[in-house]
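Residue numbers for the sequence shown follow the working numbering, so the first one is 606 and each next one is one higher. Presented below is the structure to which this report refers.
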Amino acid sequence: MSARERIAYLRGLIEGQNVAENTNMTKFQEALMGALDSIAEELDDVSEAQDDLREYVEDLEDEVMDLRSELDPDMVAGRCGCGNVSDDDDDDEDEEEYEATTCQRCGKDFFYQPDAYDDDEDLLCPHCGEPFKG
Ligand SMILES: [Zn+2]
Numbered sequence: 606m607s608a609r610e611r612i613a614y615l616r617g618l619i620e621g622q623n624v625a626e627n628t629n630m631t632k633f634q635e636a637l638m639g640a641l642d643s644i645a646e647e648l649d650d651v652s653e654a655q656d657d658l659r660e661y662v663e664d665l666e667d668e669v670m671d672l673r674s675e676l677d678p679d680m681v682a683g684r685c686g687c688g689n690v691s692d693d694d695d696d697d698e699d700e701e702e703y704e705a706t707t708c709q710r711c712g713k714d715f716f717y718q719p720d721a722y723d724d725d726e727d728l729l730c731p732h733c734g735e736p737f738k739g
């Protein structure tokens, strides 16, 4: 049983006793129940404060982890090690870069992805279908 449940149980006992004896709560009993209710309320407040504190500590832990990551680049993949956060690497991987070229056989322009070809690989013209050196 929690403290609050014990207090509720005690209040029930006292009130039941008063009903049975057909008397009002004595000053002592009222004071006792008031004190116990206050304790129960304060316990709830302490529990809430503890929850808030736990969240705060968890946030702090996250921030400390972030700070450590920035101080120690080896902890995080994708950092260049110079201490700056660089987005360049990611952009190169995600973006498909096209280059315009002109077919040496039919003379028409088209776009191709230089990354998709080896340096000594022939380009394939989409207009005439003929390979040529880019
Ligand atoms: Zn062509």
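Note that the Cβ used here is the ideal one computed from N, Cα and C, for glycine as well.
State buried or exposed for residue i, treating a residue as buried only when at least 16 other CB atoms are found within 10 Å of its CB.
i	result
residue 612	buried
residue 733	exposed
Restricting to Cα atoms, I'd like to know which of the options is closest to residue i.
i	options	result
residue 710	738, 701, 702, 610	738
residue 712	735, 722, 662, 725	735
residue 719	701, 731, 730, 708	701
Would you kindly work out how many angstroms separate the C-alpha atoms of residue i and residue j, rounded to a whole number?
i	j	result
residue 704	residue 674	37 angstroms
residue 727	residue 706	13 angstroms
residue 664	residue 648	24 angstroms
residue 631	residue 652	31 angstroms
residue 644	residue 622	23 angstroms
residue 634	residue 669	52 angstroms
residue 717	residue 723	13 angstroms
residue 615	residue 676	57 angstroms
residue 606	residue 617	15 angstroms
residue 590	residue 650	Any answer about residue 590 is impossible in this case: the structure gives the chain only from 606 up to 739.
residue 657	residue 671	21 angstroms
residue 725	residue 660	58 angstroms
residue 642	residue 654	18 angstroms
Consult DSSP for residue i and reduce its assignment to one of helix, strand or coil.
i	result
residue 719	helix
residue 713	coil
residue 620	helix
residue 727	strand
residue 610	helix
residue 701	coil
Heavy atom of ligand 2 less than 7 angstroms from the Cβ of residue i, yes or no?
i	result
residue 673	As for ligand 2, it is missing from this structure, which binds only ligand 1.
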